[in-house]
Each structure stands twice: as structure tokens, then as C-alpha cells.
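Following: one structure in C-alpha cells, then a few remarks.
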Amino acid sequence: MSILNILTYPDPRLNKVAKPVAQIDARIRTLVADMLETMYDAKGVGLAATQVDEHERLLVMDVSEERNEPLVVINPRVVWTSDDVVLGDEGCLSVPGFSGDVERYAEIHIEYENELGDTHKLEATELLAVCVQHEMDHLIGKVYVEYLSPLKRGRIKTKLIKEAKEALKDNES
Ligand code: NI
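Position one of the sequence shown corresponds to residue 62 (this note's numbering), numbered consecutively onward.
So, in C-alpha cells, the structure goes:
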């Protein structure tokens with residue numbers, strides 16, 4: 062297994078739209094294992110394939126306290142959403158050091174395949190519901206900062222571009 066590089070906003074590769082996973086095979090299972098390792102290493106609750114520059118409909122999550130309930134979601138399909146919405150403070154491994162308020166469905170039901178190709182249904186509420194919507198957004202090339210005000214988004218963008226340039230300079234010297 063290996064830890065993958067996580068793309069940082071505003072990298073344009075984060076805006077690519079992922080294609081469905083055509084075949085759940087050894088290559089996909091390796092990607093799943095690497096993504097789980099990368100997510101746990103980064104102390105995140107979710108990671109979409111898009112964030113590691115793999116543009117297939119695949120995401121991993123773990124919202125448990127003990128960090129021992131990995132959830133692998135391949136080719137997710139939304140089957141139901143609640144009328145209720147919730148406003149919550151969200152962060153993202155691709156937007157380090159920031160968070161912002163985003164409105165999401167309070168409950169969402171999805172169907173998906175796991176890494177063995179079995180079809181499952183997930184009725185997600187609370188943090189898991191938010192996480193599912195956040196990660197599924199990644200798969201259509203959408204980062205949560207797009208829901209924030211242009212002012213706040215601009216501040217985040219400027220700061221992260223500056224940090225990336227400084228990191229590049231440190232690597233060169
Ligand atoms: Ni994210």
C-alpha cells in the first residue's frame with residue numbers, strides 16, 4: 062500500500078468529472094487500499110478518487126470515532142434525499158487549513174457497489190450524510206468552497222496559491 066498525493070485547491074484537476082468504474086478488479090482494490098491509507102494518514106473522514114487524481118466514481122469514508130469502520134463506495138447513485146436540510150461547518154483534505162458553512166440534505170440514501178462488486182444501500186444521516194454529499198460532489202468536479210461567498214472563496218484561493226508557491230521554493234532551495 063502507499064500514501065497518495067492529495068491535490069490542493071484550486072488545482073484544475075479537482076474540477077474533472079469522474080467516469081463510472083467499469084470493472085471492479087485488482088487495480089480498483091489497490092486504489093481503494095491506497096485511498097484508505099491516504100485518508101487515515103491525513104486524518105480525514107472521507108476521500109474521493111478525484112482528490113488523488115484518479116477520475117473514476119469511487120470514494121472512501123470513515124466517520125467512526127475509533128477510525129475502524131472504513132466504507133468503500135463505488136459508482137454511487139442517489140435514490141432518495143430528505144426535504145430537510147442542515148447547515149454545517151465543512152473542511153476538506155484538498156483545502157487544508159480552512160472550513161466553511163455548507164447546506165446539505167439532512168438524510169440521503171444511496172446505492173453503490175463495494176470493492177467486491179456487491180451492491181449495497183446506505184441510508185446516511187448526520188455526519189455521514191454530509192460526508193456522502195461532500196465526496197459525491199468531488200466526483201462531479203465540485204469542491205465545497207464553490208458554495209461559499211466569492212469573497213471567502215477568493216481569500217482561500219489566494220492563501221493556498223501562496224502556500225503552494227512557498228512550498229515549491231522550499232523544495233528548490
Ligand atoms: Ni473534500
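Even for Gly, the Cβ is constructed at its ideal location relative to N, Cα and C.
Apart from the 5 residues on each side of it in sequence, residue 225 sits with its Cβ closer than 7 Å to the Cβ of 69 in its chain, given in chain order.
For the options 188, 181, 134, 221, the alpha carbon positioned closest to that of residue 94 is the one of 134. Using a Cβ distance threshold of 8 Å, residue 90 and residue 176 count as a contacting pair.
According to the DSSP secondary-structure assignment, residue 109 is paired through a beta bridge with 120. With respect to the 8 Å criterion, residue 109 and residue 92 are not classified as neighbours on the basis of their beta carbons.
Here the alpha carbons of residue 217 and residue 187 stand approximately 26 Å from one another.
Secondary structure at residue 74: helix, using DSSP grouped into helix, strand and coil. Remark: the shortest separation between the CB of residue 143 and any heavy atom of the ligand NI does not fall under 7 Å. Around residue 137, the same chain offers 118, 120, 171, 172, 173, 193, 197, 200 as residues with beta carbons nearer than 8 Å, after the five sequence neighbours per side are excluded. Listed in chain order, the non-local C-beta contacts of residue 76 below 7 Å within the same chain comprise 202, local neighbours out to five positions each way being set aside. A Cβ-Cβ contact shorter than 8 Å links residue 151 with residue 205. Looking at 97, 86, 66, the one whose alpha-carbon comes closest to that of residue 122 is 97. In the DSSP annotation of this structure, residue 193 is not part of any beta strand (DSSP E); the continuous alpha helix (DSSP H) holding it starts and ends at 187 to 200. Around the beta carbon of residue 84, a 10 Å sphere encloses fewer than 16 other beta carbons of the protein chains shown; the residue is thus reported as exposed. In this structure, residue 195 has its CB closer than 7 Å to one or more heavy atoms of the ligand NI. Residue pairing by DSSP places residue 219 in no beta bridge whatsoever. Non-local C-beta neighbours of residue 163 in its own chain, meaning closer than 6 Å and more than five positions away in sequence, comprise 151, 205, 208, ordered along the chain. For residue 131 and residue 230, the gap between their C-alpha atoms comes out near 37 Å.
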